[in-house]
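*Asks:* Take this structure, written in structure tokens, and hold onto it; I'll ask about it next.
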Amino acid sequence: MATQDGSEEVIMETEAKPKEAEPLGEDVEKGGAEATSHTDAGNSTTQDSNISNGDDTEDKETVDLKIIWNKNKYDLKIPVDSTGAKLKESIHSLTGLPPAMQKVMYKGLLPEDKTLREIKITNGAKIMVVGSTINDVLAVNTPKEVIQQEVKAEENKKEPLCRQKQHRKVLDKGKPDDIMPAIKGAKERLPTVPLSGMFNKSGGKVRLTFKLEQDQLWIGTKERTEKVPMGSIKNIVSEPIEGHEDYHMMAFQLGPTEASQYWVYWVPAQFVDAIKDTVLGKWQYF
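For the sequence shown, full-length UniProt numbering begins at 1 and goes up steadily by one.
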């Protein structure tokens, strides 16, 4: 029965081969399923990532602004809920001008703590930026600081300005009939119209116009209008008028000494801080 034994061995070998092949086929199927599963998972992850990235940039209302600095113009798109401080950072990226050196103006000096929406800045608005490099500021600012200290020290030695003879001859004329209304203890941004109805040292009518786009202060009288670069004004002195504390007397120092002071009387108190900030710039006090 050798033949039968041999054939049985052949049959056993033949039957054994499919049994060994079956697990291999299952592994391949499992591997393919796992590969398909990983591929589907990868596709799902990519889709989720795209949606997430889209959410980061969508639904943000923006405004297109025109930034004007040093006779150069820049286009800037920024979220309307950005603050004035954030706008300064964006301007820094555009111009290289550090935020601390920027005087940003839109209908007056731009507040850093309010959003563009609160300030009511709209598409196409022109934002004026005034500022110099650190070296220029140091060169100009140091003598101004010295002058300010000397002026303050001198003021402390004197009687109140409104009692001095040179000012009494103007103040004794009384409050002008067409003077703008004043609010004691209030602080407001500069109005869009000139400040008018005030007196100068000679008792003549004077008006102040703040030309922010040109960085100039226009001092107008009946005879002429003097266009003064804001950067040339060394200091500003102001003091409430006794008995009329809702109005101030104010001097713009146009040269290196007190002899160059241009006096203006009956300035509404609510605009005093805004005038100083706009003309001198907050960075002057750093």
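Just so you know, even glycine gets a beta-carbon here, dropped at the ideal spot from N, CA and C. Because the structure is a prediction, the values reported are computed rather than measured.
Mapping the DSSP letters down to three states, classify Thr257 as helix, strand or coil.
*Replies:* If DSSP states are grouped into helix, strand and coil, Thr257 belongs with coil.
*Asks:* Taking Leu208 as the reference, give the member of Tyr106, Pro160, Trp263 with the closest Cα.
*Replies:* The candidate whose alpha carbon is nearest that of Leu208 is Trp263.
*Asks:* Suppose contacts are defined by Cβ-Cβ distances below 7 Å. Is Cys162 in contact with Ile275 by that definition?
*Replies:* Against a cut-off of 7 Å, the Cβ pair of Ile275 and Cys162 comes out as no contact.
*Asks:* Measuring CB to CB, does Val63 end up less than 7 Å from Asn123?
*Replies:* Against a cut-off of 7 Å, the Cβ pair of Asn123 and Val63 comes out as a contact.
*Asks:* What does DSSP give as the partner residues of residue 293 in its beta bridges?
*Replies:* Since the first residue of the chain shown is 1 and the last is 286, residue 293 is not available in this structure.
*Asks:* Which term fits Gln253, buried or exposed, when burial requires 16 or more other beta carbons within 10 angstroms of its beta carbon?
*Replies:* Gln253 should be labelled buried.
*Asks:* Relative to the C-alpha of Ser196, which candidate in Arg189, Leu280, Pro256, Lys205 has its C-alpha closest?
*Replies:* Considering only alpha carbons, the answer is Lys205.
*Asks:* Let me confirm a value: Pro181 is counted as buried when at least 16 other C-beta atoms fall within 10 Å, else exposed. Which label applies?
*Replies:* It is exposed - the Cβ of Pro181 has fewer than 16 other Cβ atoms within 10 Å.
*Asks:* Nearest CA to the CA of His167: which residue from Ala251, Asn235, Lys60, Thr278?
*Replies:* Considering only alpha carbons, the answer is Ala251.
*Asks:* Where does Glu245 sit, in a helix, a strand or coil, going by DSSP?
*Replies:* Strand, per DSSP.
*Asks:* Report the rounded CA-to-CA distance for Asp246 versus Asp178, giving the unit in angstroms.
*Replies:* Computed Cα separation, rounded: 15 Å.
*Asks:* List the DSSP bridge partners of residue 287.
*Replies:* With the chain covering only 1 through 286, there is no way to say anything about residue 287.
*Asks:* Using the DSSP secondary-structure output, state which residues sit across from Asn235 in a beta bridge.
*Replies:* DSSP, once it has assigned bridges, lists Gln253 as partnering Asn235.
*Asks:* Work out the CA separation of Gly84 and Ala259 for me, nearest whole Å.
*Replies:* Approximately 38 Å between the Cα atoms of the pair.
*Asks:* Rounded to whole angstroms, how far is the Cβ of Glu112 from the Cβ of Pro160, which I believe are closer than 8 Å?
*Replies:* The pair is not a contact, with the Cβ atoms about 34 Å apart (cut-off 8 Å).
*Asks:* In the DSSP assignment, the alpha helix (DSSP H) including Ile179 goes from what residue to what residue?
*Replies:* It is not in any alpha helix (DSSP H) - Ile179 carries neither H nor E in the DSSP assignment.
*Asks:* Write down the C-beta distance between Glu213 and Met128 rounded to the nearest angstrom, noting that I regard them as a contact closer than 8 Å.
*Replies:* Confirmed, about 5 Å.
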